[in-house]
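Everything below concerns the one structure shown next.
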Amino acid sequence: MRLILGLDPGLARTGWGIIAAQGNRLTHVAHGAIVTDPAEPLARRLVRLYDGLAAMLAAYHPHEAAIEEVFLNRNAQSTLKLGHARGVVMLAAAGSGVPLSEYATRLVKKAVVGTGAADKIQVAAMVARLLPGCGAMGADEADALAVGIAHSHLAATARRMATA
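Each residue of the sequence shown is one higher than the last, beginning at 50 in this note's numbering.
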């Protein structure tokens, strides 16, 4: 059984979700979000994000991690802040020795919902269907679990093709 960590990076909220993958069978393990205070200085928010991720990584010891690739906002400042948060998320995972894969948002949506144009409500509904018992979750946690689900399927396919 492999524990897979899905990550949906954001400066205000970083969603995370852990699933257990055994063959094609996926099971929900845990999910949550690390929230930072917009009133705090950027550097302090990044430290809070790192500390929250480090604590979660130490508690669950995932074998693999996956993250959504960055997308561009119309607001350059927002994109830059997202890039800072994404860098901290990647550092936390890599620093703990967890291999990290990256996936385009449209690919994650297509792998989980069947269309790359799915909205957040469709993603959350499909995550709840694929991971019964995962309970209530926000959009960031649902997106993180979706990244984990997509990674499980896509990485398994890549492994099968490599051995063929």
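We put the CB at the ideal spot given by N, CA and C, even for glycine.
What are the boundary residues of the alpha helix (DSSP H) that includes residue i?
i      : result
LEU129 : 125 to 144
VAL161 : 154 to 161
ALA104 : 91 to 109
Going by the DSSP bridge assignment, what does residue i pair with across the sheet?
i      : result
THR76  : ALA69
VAL84  : ARG62
SER201 : BP columns for SER201 are empty, so no partner.
GLU151 : ILE116
Is it the case that the CB of residue i approaches a heavy atom of the ligand ATP more closely than 7 Å?
i      : result
TYR109 : By its list of ligands, the structure shown contains no ligand whatsoever, and the ligand ATP lies outside what it can speak to.
Between which two residues does the beta strand (DSSP E) holding residue i run?
i      : result
LEU54  : 51 to 57
ALA166 : Run containing ALA166: none; DSSP gives neither H nor E here.
GLU117 : 113 to 117
Let me confirm a value: residue i is counted as buried when at least 16 other C-beta atoms fall within 10 Å, else exposed. Which label applies?
i      : result
ARG94  : buried
TYR109 : exposed
SER127 : exposed
PRO58  : buried
PRO111 : buried
ARG178 : exposed
How about residue i: is its C-beta nearer than 8 Å to some C-beta of chain D?
i     : result
HIS77 : The structure shown has no chain D; it contains just one protein chain.
Can you give me the C-alpha to C-alpha distance between residue i and residue j, rounded to a whole angstrom?
i      : j      : result
GLY55  : GLY101 : 15 Å
LYS169 : ARG155 : 12 Å
ALA193 : ALA141 : 16 Å
VAL84  : MET50  : 30 Å
VAL119 : ALA153 : 8 Å
MET199 : GLY144 : In the sequence as presented, Met is not what sits at residue 199; that position holds Ala. In a straight line, the C-alpha of ALA199 is about 23 Å away from that of GLY144.
LEU125 : MET139 : For clarity, residue 125 is Ala in the given sequence; the question names Leu instead. So the alpha carbons of these two residues sit roughly 21 Å apart.
VAL172 : LYS158 : 7 Å
Closer than 8 Å is the cut-off here; do at least three beta carbon pairs connect the region 181 to 192 with the region 61 to 80?
yes
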